[in-house]
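> The structure under discussion is supplied below as structure tokens; questions concerning it will follow.
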Amino acid sequence: MECNKDEAVRAKQLAEIRMQRGQFVEALKFANKAKKMYADVDNIAQILAICEVHIAALNKLSSSEMDWYRILQTERLSKEEIIKKQYKKLALLLHPDKNKFGGAEAAFKLIGEANSVLTDQAKRSLHDAKVKAHARAEVPKTPSQTRRKVPKTPSQTRHKVPKTRSHARRAVYEDDSDEDMFEVYEDEDMFEVYEDEEDELFEVYDIIKLIFIFFLRLFLE
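Going by my numbering, the letters in the sequence shown line up with residues 229 to 449, in that order.
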């Protein structure tokens with residue numbers, strides 16, 4: 229038991245060193261370790277409160293907007309009485325007159341501002357709107373929202389290519405997908421079909437021309 233207490237005191241000292249450096253994430257790890265080894269280690273609640281407020285301040289809604297609910301460690305739907313009660317609880321732990329650990333004064337100012345915003349109806353409504361906007365931005369999109377296109381197999385894309393202009397028009401109206409409709413017109417193979425048709429017309433014309441010249445020569449002879 230005494231061994232655990234000594235280790236807890238050592239862990240608390242390491243937490244204090246990290247707090248002086250502004251390394252509150254690391255400090256919180258050592259503070260939790262100290263509390264786990266010896267729950268009654270001196271002033272551990274004050275250290276934990278400082279670390280938790282500073283870590284909450286790192287998780288902002290935006291580059292300039294704090295999440296005041298997170299800083300005050302309360303729920304967004306909490307009633308005003310609950311918010312005031314939570315503020316008083318943290319204020320007792322963080323007041324600079326009683327808490328001399330590094331970061332206490334800054335943490336005290338943060339919870340004071342959080343209380344000021346969340347107990348003012350107009351300020352709280354504005355803050356709630358920003359919290360909701362942030363929550364919507366964080367929600368991952370569903371497959372239907374992203375509309376990710378599933379690659380088609382070679383046989384599927386080949387059947388989509390119309391062979392004549394009339395076939396192309398019919399393929400557009402029969403296709404039930406807007407994206408596929410554009411694919412029909414954007415498919416390079418379709419234009420190759422048109423070019424092949426034009427080449428065939430020129431070949432027929434050349435053949436007719438040669439036949440005409442042949443019979444003309446026979447007639448003249």
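A virtual CB, placed ideally from N, CA and C, is assigned to each residue, including glycine. Computed from a predicted structure; not experimentally measured.
Where V253 and Q241 are concerned, what is the direct C-alpha to C-alpha distance, given to the nearest angstrom?
15 Å
> Could you give the DSSP three-state label for R304: helix, strand or coil?
Coil, per DSSP.
> Please classify F336: does DSSP put it in a helix, a strand, or coil?
helix
> By how many angstroms is the C-alpha of H282 removed from the C-alpha of A255?
11 Å
> Could you tell me the alpha carbon to alpha carbon distance between I365 and M294, rounded to whole angstroms?
First, the residue type needs correcting, since residue 365 is Ala and not Ile in the sequence shown. Approximately 16 Å, taken between the alpha carbons.
> Note down, in chain order, each residue of its chain lying with its Cβ closer than 7 Å to the Cβ of K358, except the 5 sequence neighbours on either side.
L289 and E293
> Quick one: any contact between the stretch 304-318 and the stretch 345-354, if contact means 3 or more CB pairs under 8 Å?
Contact between the stretch 304-318 and the stretch 345-354 is present, because at least three Cβ pairs lie under 8 Å.
> Which runs of the alpha helix (DSSP H) at least 4 residues long sit entirely within the stretch 240-272? Give them in chain order.
252-265
> Report all residues from its chain with a CB closer than 7 Å to the CB of W296; omit the five preceding and five following residues, and keep chain order.
A342, V345, L346 and H355
> Whole angstroms is fine: what's the gap from F443's alpha carbon to K437's?
If you take the alpha carbons of F443 and K437, they lie about 10 Å apart.
> Round the Cβ separation of I339 and L320 to the nearest angstrom and send it over; I've been treating them as touching at under 8 Å.
That belief does not hold up - the Cβ atoms of I339 and L320 are roughly 11 Å apart, past 8 Å.
> Could you pull the start and end residues of the alpha helix (DSSP H) that E366 belongs to?
Q349 to E366
> Would you check if the distance between the CB atom of M169 and the CB atom of E244 is smaller than 8 Å?
Look at the range of the chain in this structure, 229 to 449, and you will see that residue 169 is not part of it.
> Please report the straight-line C-alpha distance between R246 and A363, rounded to a whole angstrom.
When rounded, the separation of the alpha-carbon atoms in R246 and A363 is 32 Å.
> Please classify F336: is it buried, with 16 or more other beta-carbons within 10 angstroms of its beta-carbon, or exposed?
buried
> Quick one: what's got a C-beta closer than 8 Å to F258's C-beta in the same chain, skipping five residues either side?
A239, K240, L242, A243 and R246
> Once DSSP output is grouped into helix, strand and coil, what is the label at S344?
helix
> Assuming L305 contacts Y315 (C-beta within less than 8 Å), just tell me the rounded distance between them.
Not confirmed; about 17 Å, so no contact.
> Helix or strand or just coil, what does DSSP make of N327?
coil
> Using CA coordinates, which residue listed in E303, R298, N287 and K233 is at the minimum distance from I272?
K233
> Using alpha carbons as the reference points, say which of D325, F329, A262 and L446 lies closest to Q248.
F329
> Since K263 and V269 should fall inside the 8 Å C-beta cutoff, what is the C-beta to C-beta distance between them, to a whole number of angstroms?
7 Å
> To the nearest angstrom, how far is it from the Cα of D434 to the Cα of I441?
11 Å
> Buried or exposed for L318, please, with buried defined as at least 16 other CB atoms from any protein chain shown within 10 angstroms of its CB.
Here L318 is buried: its Cβ has 16 or more other Cβ atoms, across all protein chains shown, within 10 Å.
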